[in-house]
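Novice: Take the sequence shown: its letters are residues 41 to 117, numbered as in our numbering.
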Amino acid sequence: MDEEWLRRKIEQEREAREMRRKSADWNFIKSLPPKLRIALEYYVDSGDFRGASRIADMSVDEFLYFAKEKANIVDMS
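(1) Give every residue of the same chain whose Cβ lies closer than 7 Å to the Cβ of residue 114, excluding the five residues on either side of it in the sequence, and list them in chain order.
(2) By DSSP, does residue 67 sit in helix, in strand, or in coil?
(3) Return yes when the Cβ of residue 107 is within less than 7 Å of the Cβ of residue 76, no when it is not.
(4) Rounded to whole angstroms, what's the CA-CA distance from residue 72 to residue 55? Just pull it up for me.
(5) Quick one: Cα of residue 104 to Cα of residue 89, how far?
(6) Taking the C-alpha atoms as reference points, what is the distance between residue 82 and residue 92?
(7) CA-CA distance, residue 100 and residue 74?
Structure below.
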């Protein structure tokens with residue numbers, strides 16, 4: 041694996057995580073029941089919407105809609 045490619049990939053992931061953190065409506069997220077709050081926090085930190093949707097017990101489509109429209113988390117994919 042090319043070292044420069046790996047460095048760029050790590051930087052892209054860091055930037056995406058930072059964008060999700062900045063865009064998120066933290067007051068809304070903190071007001072949610074634990075299952076949804078944890079799922080959204082996990083998504084913000086990891087970008088793993090599939091895992092987060094399982095934590096929230098939602099379909100992927102439902103979760104992404106909820107994250108974007110209700111919690112204002114930008115989708116970096």
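Ideal Cβ placement from N, Cα and C applies to all residues, glycine included.
Specialist: Once the coordinates are examined:
(1) In the sequence shown, counting from the first residue as 1, residue 114 sits at position 74. Result list for residue 114: 59, 60, 63, in chain order.
(2) Locating residue 67 in the sequence shown gives position 27, counting from the first residue. In this structure, residue 67 counts as helix in the three-state DSSP scheme.
(3) Taking the sequence shown and counting its residues from 1, one reaches residue 76 at position 36. Taking the sequence shown and counting its residues from 1, one reaches residue 107 at position 67. Cβ atoms of residue 76 and residue 107: not closer than 7 Å.
(4) Within the sequence shown, the letter at position 32 stands for residue 72. Within the sequence shown, the letter at position 15 stands for residue 55. Rounded to whole angstroms, residue 72 to residue 55 spans 26 Å at the Cα level.
(5) For this step, residue 104 is matched to residue 64 along the sequence shown. For this step, residue 89 is matched to residue 49 along the sequence shown. Those two C-alpha atoms are separated by around 7 Å.
(6) In the sequence shown, residue 82 corresponds to position 42, counting from 1. In the sequence shown, residue 92 corresponds to position 52, counting from 1. Cα to Cα, the separation comes out at about 6 Å.
(7) Your numbering for residue 100 matches position 60 in the sequence shown. Your numbering for residue 74 matches position 34 in the sequence shown. Distance from the CA atom of residue 100 to the CA atom of residue 74, rounded to whole angstroms, is 19 Å.
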